[in-house]
Every structure is written in C-alpha cells, then in structure tokens.
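Report on the following structure.
Residue numbers (the numbering used here): 6 to 165.
Put into structure tokens, the structure is as follows:
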C-alpha cells in the first residue's frame, strides 16, 4: 500500500495538469501509416461534455485549398476523445473509431497534407501548414508526419 499511494498521487497530479487551463477541443492523435492506416483523434480536456456542433475539420491536399470537410453533432465527454477513421482502416483499429469516412474525406491524406480544426471562423488547431506543400511530409521533432502516428504529450493543454 505504501508504494501504491504515491503512484496514485503522481498519476492524479499528471491528470490534473493535463486538464488544467483548457476548455476547447484539439487534435490529440494523428495516424498516417501505409496504405489506409489513417485516423485522427480530437480530445476534450475540459470538465464538461462538448458538442461537435459548430466545429469543422478541413483537409488541404498537397498545399492546395481546403477540399474536404467534416462536421458532426456528436458530443465528446469530458476527458474523452472522438476518433475519425479512414473506412478502409484495419478492422481492429476501425472498431475503436467513433465514425468512419469513405473516400474522399479528411482521413484520406498523405503525410504532406494539412488539417485544421475550426469553431465557426476561429482556428482551434492545425496539423501542417495550410497552403504549403512540404514535399513528402511535415517535420515533427526528429521524425515526420509520413508513415507515423503522432500523439500529443500529456502536458499539452491546447491546440496550436
């Protein structure tokens, strides 16, 4: 018990830190694997459920204009994620998705495409740089967006 209590306290502190100071949604995970292994997650760090009504995700392919969009009236519970998957994703991962989209959609992208999460006309979060074609991928830390799954660190409390 003496070892478990400190572990519980540390985990509680990390959870509190991760939810501090943020009341809006943001991209928490981005998967761009080979073939159709593509999905995104939107995280709700707030203390309340948030409806996706009014939010839109847009995709921009190869530095072009916004060509695909996604809207929903679903609600994301406090501390939960909403997963949007490519409809051709493997069945094991597909079973975790809240919704699956057929081609063409925001989850039919390459590592060099940009995604943006908006609320009305306000930009909430962005992956990549809209209107810019980086070649084959965006640089992220020591890796890239091509053929990788990117997961935000626990201490990130808002979109970019």
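For glycine and all other residues, C-beta sits at the position ideal for the given N, C-alpha and C.
#### Entry: Cβ shell of residue 107 (< 6 Å), same chain only, five flanking positions each side left out
92, listed in sequence order.
### Query
For residue 135, which residues from the same chain have a beta carbon less than 8 Å from its beta carbon, with the 5 sequence-adjacent residues on both sides left out?
65, 71, 119, 121
### Query
By DSSP, does residue 97 sit in helix, in strand, or in coil?
Look at residue 97 here: in three-state DSSP terms it is helix.
### Cα-Cα separation, residue 47 to residue 88
7 Å
### Query
Excluding the five sequence neighbours on either side, which residues of its own chain have a C-beta within less than 6 Å of the C-beta of residue 34, listed in chain order?
46, 156
### Query
What does residue 45 pair with, by DSSP beta-bridge criteria?
35, 89.
#### Entry: Cβ-based neighbour list, residue 124, same chain, cut-off 6 Å, excluding 5 preceding and 5 following
59, 60
### Message
Taking 6 Å as the limit between beta carbons, can you name the residues of its chain near residue 69, skipping five residues before and five after?
### Response
The answer is none, since no qualifying residue turns up.
### Query
Can you tell me where the beta strand (DSSP E) with residue 73 in it begins and where it stops?
Membership of residue 73 in the beta strand (DSSP E) is indicated by the continuous run 71-75.
### Closest by C-alpha distance to residue 82, when choosing among 165, 158, 55
55
#### Entry: For residue 145, the residue or residues it bridges with in DSSP
148
### DSSP beta-bridge partners of residue 153
Answer is 37, bridged to residue 153.
### Query
Quick one: what does DSSP say residue 12 is sitting in, helix, strand or coil?
Low local confidence applies: a pLDDT of 34 at residue 12 is under 50, so the model's placement there is unreliable, and no value is given.
### Query
For residue 29, which three-state DSSP category applies?
Assignment of residue 29 by DSSP, reduced to helix, strand and coil, places it in the coil class.
### Task
Express the C-alpha separation of residue 112 and residue 62 in angstroms, rounding to a whole number.
If I take the Cα positions, the gap works out to 10 Å.
### Euclidean distance between Cα positions of residue 139 and residue 153
Computed Cα separation, rounded: 16 Å.
#### Entry: Per-residue DSSP class, three states only, for residue 65
For residue 65, the secondary structure class from DSSP, reduced to helix, strand or coil, is strand.
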